[in-house]
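Let me begin by presenting the structure, written as structure tokens, before commenting on it.
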Amino acid sequence: MSATVLRRAGSIPAVVYGAHHVSTPIAIPAAAFGKVLREAGEATIISLTGLGAPLPTLIHEVDLDPLTNLPRHVDFYAVTKGEKVEVAIPLSFMGVSPAVEAGANLVKVLHEVEVEADPMNLPHDIKVDLSLLKAIDDQIRAKDLALPSGIKLITGPEEVVVLVQEVVEEKEEEAPADIAAIEVEKKGKEEAAEGAAPEAKE
1 MSATVLRRAG
11 SIPAVVYGAH
21 HVSTPIAIPA
31 AAFGKVLREA
41 GEATIISLTG
51 LGAPLPTLIH
61 EVDLDPLTNL
71 PRHVDFYAVT
81 KGEKVEVAIP
91 LSFMGVSPAV
101 EAGANLVKVL
111 HEVEVEADPM
121 NLPHDIKVDL
131 SLLKAIDDQI
141 RAKDLALPSG
151 IKLITGPEEV
161 VVLVQEVVEE
171 KEEEAPADIA
181 AIEVEKKGKE
191 EAAEGAAPEA
201 KE
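For what it's worth, full-length UniProt numbering labels the leading residue of the sequence shown as 1, then goes sequentially.
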């Protein structure tokens, strides 16, 4: 069945592959996948059925239609317990920065980090404690993140995750001079001066 026919029937063409799994084309219900993608994301084990025994997988890649932004093809990676995988884990920003409460700007630089871990122990997200940002120019770097046991950071440790910076007020631009008004005012002064000039005596 062609990809076009599958999409018209409400399904998404997909493929499952892995280090110990032969590449297998499948079709998945579009509505069900949309819900899974929103709730689980790409860092949660998803069990695929209909391929014999339930197969633990990760969403490896989602190809989106450029016009509708809906999934038009999905790659699933079949995982094996004990085998490390590299995945992007989303960051969850928690708490309130004292510096921001005092009027500073909060700048989020990263929204996910790359890690290596056993796929069966992947966290749904990684918490970022904003309360650590107490003063202007304070930063939280990737190396400062509290990673669960067994999770290895792949993202550069010095990469900035989030920072606070001083609010810079924009100066109001001075209104440009009105040349016409200046000319009128100048002309008015000249006419007044001429009118006040004394008459010449004979």
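The beta-carbon is built from N, C-alpha and C at its ideal position, and this holds for glycine as well.
Point to revise | Those residues which DSSP pairs with Glu86 across a bridge | key: For the purposes of this step, residue 86 is taken as residue 86 along the sequence shown, with counting starting at 1. Looking at the DSSP assignment, Glu86 forms a beta bridge with Glu116.
Check your understanding: How big is the Cα-Cα spacing for Glu39 and Ser11?
Key -> Taking the first residue of the sequence shown as 1, we reach residue 39 at position 39. Taking the first residue of the sequence shown as 1, we reach residue 11 at position 11. Approximately 19 Å, taken between the alpha carbons.
Check your understanding: Short check: CB of Asp125 to CB of Leu91, under 8 Å?
Key -> Position 125 of the sequence shown, counted from the start, is the residue given in the question as residue 125. Position 91 of the sequence shown, counted from the start, is the residue given in the question as residue 91. A contact, by the Cβ cut-off of 8 Å.
Point to revise | Alpha-carbon spacing of Phe76 relative to Lys152, whole angstroms | key: Here residue 76 refers to the residue found at position 76 of the sequence shown. Here residue 152 refers to the residue found at position 152 of the sequence shown. Each residue's alpha carbon lies about 22 Å from the other.
Check your understanding: Which same chain residues, not among the five before or five after Gly52, have their C-beta less than 7 Å away from its C-beta?
Key -> Within the sequence shown, numbered from 1, the residue matching residue 52 stands at position 52. Excluding positions up to five away in sequence, the list is empty.
Check your understanding: From Tyr17 to Glu158, what distance separates their C-alpha atoms?
Key -> Residue 17 sits at position 17 when you count from the first residue of the sequence shown. Residue 158 sits at position 158 when you count from the first residue of the sequence shown. If I take the Cα positions, the gap works out to 34 Å.
Check your understanding: On the premise that Glu114 lies in contact with Ala88, defined as a C-beta separation below 8 Å, what is that separation, rounded to the nearest angstrom?
Key -> For the purposes of this step, residue 88 is taken as residue 88 along the sequence shown, with counting starting at 1. For the purposes of this step, residue 114 is taken as residue 114 along the sequence shown, with counting starting at 1. About 6 Å separates the two Cβ atoms, so the contact holds.
Practice item. Give me the Cα-Cα distance between Ser97 and Leu122, rounded to the nearest whole angstrom. Key: Sequence index remark: in the sequence shown, residue 97 carries index 97 (1-based). Sequence index remark: in the sequence shown, residue 122 carries index 122 (1-based). Roughly 28 Å between the two C-alpha positions.
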